[in-house]
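In our numbering, each residue's number is its place in the sequence shown (first place is 1) plus 341. Glycine is no exception: its CB is placed at the ideal position from the N, C-alpha and C atoms. Heads up: the structure comes next, in structure tokens.
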Amino acid sequence: MEDNFIRFTKKKEYLICIDSDGCAMDTMDLKHKKCFGPCMIKEWALESHAQEIQKSWNEVNLYTRTRGINRFQGLARALRETDSKYGEIPGIDELEHWAESTDELSERSLQRAASDPGITEEGRLILNKVLSWSRAVNDAIDRIPDDEKKPFTGVRDALEAAGRKADIAIVSSANRKAVEDEWSRYGLLTFTDILLTQKDGSKAACIGRLLEKGYDRSHALMAGDAPGDARAAGKNGIFFYPVLVGHEEESWKEFKNEALAKLTDETYAGAYQKKKLDEFWSNL
Numbered sequence: 342m343e344d345n346f347i348r349f350t351k352k353k354e355y356l357i358c359i360d361s362d363g364c365a366m367d368t369m370d371l372k373h374k375k376c377f378g379p380c381m382i383k384e385w386a387l388e389s390h391a392q393e394i395q396k397s398w399n400e401v402n403l404y405t406r407t408r409g410i411n412r413f414q415g416l417a418r419a420l421r422e423t424d425s426k427y428g429e430i431p432g433i434d435e436l437e438h439w440a441e442s443t444d445e446l447s448e449r450s451l452q453r454a455a456s457d458p459g460i461t462e463e464g465r466l467i468l469n470k471v472l473s474w475s476r477a478v479n480d481a482i483d484r485i486p487d488d489e490k491k492p493f494t495g496v497r498d499a500l501e502a503a504g505r506k507a508d509i510a511i512v513s514s515a516n517r518k519a520v521e522d523e524w525s526r527y528g529l530l531t532f533t534d535i536l537l538t539q540k541d542g543s544k545a546a547c548i549g550r551l552l553e554k555g556y557d558r559s560h561a562l563m564a565g566d567a568p569g570d571a572r573a574a575g576k577n578g579i580f581f582y583p584v585l586v587g588h589e590e591e592s593w594k595e596f597k598n599e600a601l602a603k604l605t606d607e608t609y610a611g612a613y614q615k616k617k618l619d620e621f622w623s624n625l
């Protein structure tokens with residue numbers, strides 16, 4: 342595996358990490374409603390309960406404090422609920438064990454786990470189905486018309502302003518090709534210094550490795566729309582800037598006009614960080 346961290350070097354005193362889906366790109370609702378949920382329903386032949394299952398999928402992945410959960414962990418939750426309400430899902434225990442214990446939530450890790458000689462036959466079958474589902478999701482995302490996958494208003498201006506002061510890292514749990522294609526299409530990759538996705542490790546792990554390049558933690562920030570982004574920032578002792586669901590344009594405007602200056606003049610800590618965290622949790 343290519344190690345994306347090896348070639349990355351610290352150029353500026355500040356580091357800003359930015360999530361993609363639902364944060365910079367207005368793609369999260371689109372992908373969950375058109376790709377993730379429908380592909381699960383098809384893979385496990387759940388069409389007779391499609392409406393209820395899709396509604397539950399949306400609640401877990403979009404509208405509650407589990408928003409932004411990794412695709413495999415979200416799937417494990419959805420299949421566990423399906424198992425309890427609509428019919429047995431063989432191998433669900435093995436899937437949950439993998440999703441909770443693997444150090445890499447990726448298709449490659451799934452393949453390794455499915456080929457482990459110690460796994461049960463039910464476990465092997467469900468992990469292969471999950472792999473099939475994940476690939477179907479990626480294909481479905483690729484088929485979404487390009488003009489439907491757009492950045493939120495204000496993202497480009499915010500990135501341009503931030504790049505004058507900080508190194509910019511995309512830190513996403515999404516599929517690398519999808520993120521690369523979407524950011525490239527709108528010329529946003531030119532404002533970034535490194536692209537990190539699910540195959541590079543968890544968001545917390547990615548931030549940790551970036552900090553090893555020599556950034557002071559008080560000079561680093563994670564911008565995101567989901568609790569997992571806030572936790573990844575907190576775990577590494579860096580600041581968190583929330584892009585509020587339903588208020589994305591206003592969030593990016595404030596980031597450019599206020600938050601960036603507070604980071605660089607070292608007034609982000611304290612009252613402002615508390616205010617942003619309070620806004621974030623009350624908005625979910």
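Is the beta carbon of Asp534 closer than 7 Å to that of Ile509? yes
Taking the Cβ atom as the reference point for each residue, do Leu451 and Leu472 lie within a distance shorter than 7 Å? yes
Cβ neighbour criterion (16 or more within 10 Å) applied to Ile347: exposed
Which residues in the same chain as Thr350 place their Cβ atom closer than 8 Å to its Cβ, once the five residues preceding and following it in sequence are excluded? Lys554
With burial defined as no fewer than 16 other Cβ atoms inside 10 Å of the residue's Cβ, what is the status of Glu489: buried or exposed? exposed
Measuring straight from C-alpha to C-alpha, what distance separates Thr307 and Leu371? This structure leaves residue 307 out entirely; the chain is present only between 342 and 625.
Residue range of the unbroken alpha helix (DSSP H) whose run includes Val496: 496-504
With a 10 Å radius around its C-beta and 16 neighbouring C-beta atoms as the bar for buried, classify Arg408 as buried or exposed. buried
Own chain, CB closer than 6 Å to Arg550, minus 5 neighbours either side, in chain order: Phe346
Could you tell me whether the region 395-405 touches the region 594-607, where touching means 3 or more Cβ pairs closer than 8 Å? no
Which residues in the same chain as Asp570 place their Cβ atom closer than 6 Å to its Cβ, once the five residues preceding and following it in sequence are excluded? Asp360, Met563
I'd like the list of long-range same chain contacts for Ala455, defined as Cβ closer than 6 Å, with 5 residues on each side in sequence excluded. Arg465, Leu468, Asn469
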